[in-house]
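First up is the structure itself, then whatever we jot down about it.
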Amino acid sequence: MKRILIIEDEGAIAELQRDYLESHGFFVDIEPRGDVGLQKALQETYDLFVLDVMLPFMDGFEICRKIRQNKNTPILMISARKEDIDKIRGLGLGADDYMTKPFSPGEMVARVKAHLSRFDRLTGTAAAEAPEQIRVRGLLIDKTAHQVTVNGEEKGLTNKEFELIQLLASYPGRVFSKEELFERIWGFDSLGDIATVTVHIRRLREKIEEFPSDPKYIETVWGIGYRFKLS
Ligand code: CA
């Protein structure tokens, strides 16, 4: 059974989240204090964290950052404030997803499941035997052959284009800032700047998207960067 830790100080919200998750077969702990939540997150074994931003004793940003220094466990951040959401998206804290309050518990469960199965794909079997192919909505990324096809048609991608699509598609739904993409694919030392990312995304879309201005795979998150569409 998958274990989830909810770090949330508003009792009614935490209980609503727990009830929904439990009714979908998850084992759920609730912790109202930020600092204790971090301690539990680091010391115990959980499969996913649902993390509120405004918490007593330590805020969700700091908790997220500290969890990420130690673990890759999926983190779903929750906040009522729009400026927090901008911060979550922009800071590259390592959160996998975020939701704004008020949210639909059904939507939360759907996202929790999506992130758990993605994480299972990346670790579980993946640790021993890396997934060699990603298949989604007609797109096939073959990591061994370094090849991308769309509806069976091979697309000639450059190395950087291939790395971009592979990274984005490995984390569906997760927003990557342009800075993070640049850092992960080009590296700090390389020439160029984040405008390079924009240029490569445009070329990539021209190659793989049927309608580059209405993309099916790579979505623009205005003012931040990009994400691979969940559906
Ligand atoms: Ca709170």
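According to the numbering used here, the residues represented by the sequence shown are 494 to 724, in order.
C-beta: ideal position from N, C-alpha, C; glycine also.
None of these values were measured; they are calculated from a predicted model.
For Y710 and F704, what's the separation of their Cα atoms in angstroms?
In the sequence shown, counting from the first residue as 1, residue 710 sits at position 217. In the sequence shown, counting from the first residue as 1, residue 704 sits at position 211. When rounded, the distance between both Cα atoms is 10 Å.
For R698, which of helix, strand or coil comes out of DSSP?
By one-based count along the sequence shown, residue 698 stands at place 205. Note: R698 maps to helix in three-state DSSP.
Buried or exposed for A505, going by 16 or more other Cβ atoms inside 10 Å?
Numbered from its first residue, the sequence shown carries residue 505 at position 12. Exposed, since its Cβ has fewer than 16 Cβ neighbours within 10 Å.
Please tell me whether P598 and Y513 are closer than 7 Å, where the distance is taken between their beta carbons.
Looking up residue 598 in the sequence shown gives position 105. Looking up residue 513 in the sequence shown gives position 20. Taking 7 Å as the Cβ cut-off, P598 and Y513 qualify as a contacting pair.
Does the Cβ of A507 have 16 or more other Cβ atoms within 10 Å, making it buried, or fewer, making it exposed?
What you label residue 507 is simply residue 14 of the sequence shown in a count that begins at 1. A507 comes out buried.
What residues in its chain sit with their C-beta under 6 Å from that of V690, if we drop five residues either side in the sequence?
In the sequence shown, the residue the question calls residue 690 occupies position 197. Contacts found: K671, L674, F675.
Report yes if the CB atom of D528 is closer than 7 Å to the CB atom of L498, and no otherwise.
In the sequence shown, counting from the first residue as 1, residue 528 sits at position 35. In the sequence shown, counting from the first residue as 1, residue 498 sits at position 5. It is not a contact, given that the beta carbons lie outside the stated cut-off.
Are the CB atoms of I701 and V668 within a distance shorter than 7 Å?
As a position in the sequence shown, residue 668 is number 175, starting the count at 1. As a position in the sequence shown, residue 701 is number 208, starting the count at 1. Going by C-beta atoms, V668 is not nearer than 7 Å to I701.
Would you identify the three-state DSSP class for V605, choosing helix, strand or coil?
Counted from its first residue, the sequence shown places residue 605 at position 112. In the structure shown, V605 sits in a helix (DSSP, three-state: H, G or I).
Out of curiosity, what's the CA-to-CA distance linking E576 and Q626?
Here residue 576 is taken as the residue at index 83 of the sequence shown, counted from 1. Here residue 626 is taken as the residue at index 133 of the sequence shown, counted from 1. Going from the Cα of E576 to the Cα of Q626 covers about 37 Å.
Grab me the residues of A619's own chain with a C-beta within less than 7 Å of its C-beta, minus the 5 sequence neighbours each way, in chain order.
As a first step, residue 619 is located in the sequence shown; it is residue number 126 there, counting from the start. Note that A619 scores a pLDDT of 47, beneath 50, so its modelled location is shaky; the value from the coordinates is reported in the next line. Counting only Cβ-Cβ distances below 7 Å, and skipping sequence neighbours, we find nothing.
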